[in-house]
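Trainee:
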Amino acid sequence: MTDAFFASDETLSDADGFDAACLRATIDLGALRDNWLTMRRLSGSARTAAVVKANAYGLGIEAVAETLYAAGARDFFVANAEEGAELRPFAPDARIFVLAGLWPGIESVFLDYGLVPVINSEEQLAFFMGLLAEHGEYPCALHVDTGMNRLGLSLPEALALADDPSRPASFSPVLVMSHLACADTPDHPLNGRQLDAFRQVSKAFEGVDASLANSAGVHLGTEYHFDLTRPGIATYGGQAVNGVANTMAPVVTAEARILQVREARAGETASYGAAAMLTRDSRIAIVGAGYSDGYHRGGSGAGVPLRQSLPKGAQGFLRGCRVPQLGRITMDLTLFDVTDVPGAKAGDYIELFGPNLSITEAAAAAGTIDYELLTSLGHRYDRLYLDPED
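Here UniProt numbering is used: the first residue of the sequence shown is 1, the next is one more, and so on.
1) Are L220 and A183 close, meaning C-beta to C-beta below 8 Å?
2) Buried or exposed: E389, going by 16 or more other Cβ atoms within 10 Å of its Cβ?
3) Tell me Q260's beta-bridge partners as DSSP assigns them.
4) Please name the residue, chosen from F317, H188, S211 and F128, that lies closest to S170 on a Cα-to-Cα basis.
5) Work out the CA separation of D227 and D75 for me, nearest whole Å.
6) Does DSSP put S211 in a helix, in a strand, or in coil?
7) How big is the Cα-Cα spacing for R208 and L310?
8) What is the DSSP secondary structure of M1, reduced to helix, strand or coil?
9) Between which two residues does the beta strand (DSSP E) containing V64 stretch?
10) Does the count of Cβ pairs from the stretch 104–119 and the stretch 62–72 closer than 8 Å reach three?
11) With burial defined as no fewer than 16 other Cβ atoms inside 10 Å of the residue's Cβ, what is the status of H179: buried or exposed?
12) Do V271 and R328 have their CB atoms nearer than 8 Å?
13) Please report the straight-line C-alpha distance between M248 and D34, rounded to a whole angstrom.
14) Please classify R352 as buried or exposed, where buried requires at least 16 other C-beta atoms within 10 Å of its C-beta.
15) Grouping DSSP H, G and I as helix and E and B as strand, with all else coil, what is E255?
16) In angstroms with no decimal places, state the Cα-to-Cα distance between V51 and N242.
17) For G316, name the three-state secondary structure that DSSP assigns.
18) Counting only the same chain and skipping the five closest in sequence on each side, list residues whose C-beta sits under 7 Å from that of G326.
19) Would you mind stating whether L155 and N120 have Cβ atoms separated by less than 8 Å?
20) Quick check on D14: does DSSP put it in helix, strand or coil?
21) Look at the Cβ atom of F77, then the Cβ atom of F90, and state whether they are nearer than 8 Å.
22) Determine the DSSP secondary structure at V218, reduced to helix, strand or coil.
23) For the beta strand (DSSP E) that residue 408 lies in, which residues bound it at each end?
24) Would you call E83 buried or exposed, if buried means 16 or more other Cβ atoms sit within 10 Å of its Cβ?
25) Determine the direct distance from the alpha carbon of A79 to that of N55, and round the result to whole angstroms.
26) Looking at I350: is its Cβ nearer than 8 Å to the Cβ of G316?
27) With burial defined as no fewer than 16 other Cβ atoms inside 10 Å of the residue's Cβ, what is the status of residue 397: buried or exposed?
28) Between which two residues does the alpha helix (DSSP H) holding H135 run?
29) Does D337 come out as helix, strand or coil in the three-state DSSP assignment?
30) What does the alpha-carbon distance come out to for the pair R40 and E134?
31) Roughly how many whole angstroms lie between the Cα atoms of S282 and L333?
32) Which of helix, strand or coil does DSSP assign to R280?
33) Leaving out five residues on either side along the sequence, give the residues of the same chain with a beta carbon under 8 Å from the beta carbon of D340.
34) Which one or two residues does DSSP pair with D75 in a beta bridge?
35) Tell me, please, which residues DSSP counts as bridged to R383.
And the structure:
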């Protein structure tokens, strides 16, 4: 490399405003609220819950919960008891359902924070019955597996429980629920089979609220809504139904700062494994984001197995232009071809996904889904929350 070559590089020391974050995620709480209100409207007469598991899909449980509580949400779903305890201060009088259920050793968390366990198995049910004998009546939900073969009581177990004359009077579930496996594919035959099975459950537990529909399930029609819907990904701006235009507003804009812009010649290579061969003289922007930040290696423009079946890799967005990712995405750094972007310089931000590049497209390039991309947003992102009233 010659001195002249190095002299042509734009480096971080030349950039103005270096006090800005290396990675930033702008979270539009107004869009979040509006998406949830849209799902509530689509749910018709059913109530609409807020699903805030996994730190509110990676966006931050405090800001998200406060926004959705202010919008009217009074039923919340989390993955485990620890999440429920964290949520409680931001949803003071809401019902908080814990999807993983409960087991010996964590019952005090439920009692201390007023959490509602979702009973998923006969083992959990037996333990819960023992707690009722000790503490008296306490709310619970029953999860019945209707075809996903994941968590839940089997259909025969649930129906037997409903007809069991020996169950104590203190056992009074406030919700029966199931989860749709294929709602994102509206014409999948399993949707109808699950609906039929869940109708049996709802009828057996007459007078108990019922919940079946997730985001995609809401779009299947009113017969899937029952008493409570549970939209998740749609609230956060993601794609709920395959092959249908996404009408939800984007909530998250993820951006990475350009640390350096360097000149490279045709015939040179870029990134590990010399994965990208440059076919022209190029300007390469190096940004401070990588797979440790949830920018998945599978989205690499070259040098990963996915590119054999899906040729198009990840892209970014800069100054009104899409810019292709170059070579392999690495732990902390990613390369973009900014040759066709006049004036691109260190200190600029490349949009990884957001209003100009949907999270669905970004996820597809990495061979994954919106959910995984959102929940992978690492702690190194500075999060800026836009107030819903602004």
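From the three backbone atoms N, C-alpha and C, an ideal C-beta is built for every residue, glycine too. Since the structure is predicted, the reported quantities are computational estimates derived from the model, not experimental observations.
Mentor: In short, the structure shows the following:
1) yes
2) exposed
3) I286
4) F128
5) 12 Å
6) strand
7) Before going on, a small fix: residue 208 reads as Val here, not Arg. Each residue's Cα considered, the two are about 47 Å apart.
8) The predicted position of M1 is uncertain, since its pLDDT is 37 and thus under 50; no value can be drawn from it.
9) No beta strand (DSSP E) contains V64, which is instead part of the alpha helix (DSSP H) from I61 to A71.
10) no
11) buried
12) The amino acid at residue 271 is misidentified as Val; the sequence shows Ser. In this structure, R328 lies closer than 8 Å to S271 by Cβ.
13) 9 Å
14) In the sequence as presented, Arg is not what sits at residue 352; that position holds Leu. By the 10 Å Cβ count, L352 comes out buried.
15) strand
16) 20 Å
17) strand
18) The question names Gly, but residue 326 is Leu in the sequence shown. Hits under 7 Å: A270, S271, A276, I284, G301, L335, F336 and D337.
19) no
20) Because D14 carries a pLDDT of 36, less than 50, the predicted location of this residue cannot be relied on, and the following value inherits that uncertainty. Note: D14 maps to helix in three-state DSSP.
21) no
22) helix
23) No answer is possible for residue 408: the residues shown for the chain start at 1 and end at 390.
24) buried
25) 9 Å
26) yes
27) Past the boundaries of the shown model lies residue 397; the chain is included only from 1 to 390, so the question cannot be answered.
28) E122 to H135
29) strand
30) 38 Å
31) 18 Å
32) coil
33) C321 and V323
34) R95
35) A25
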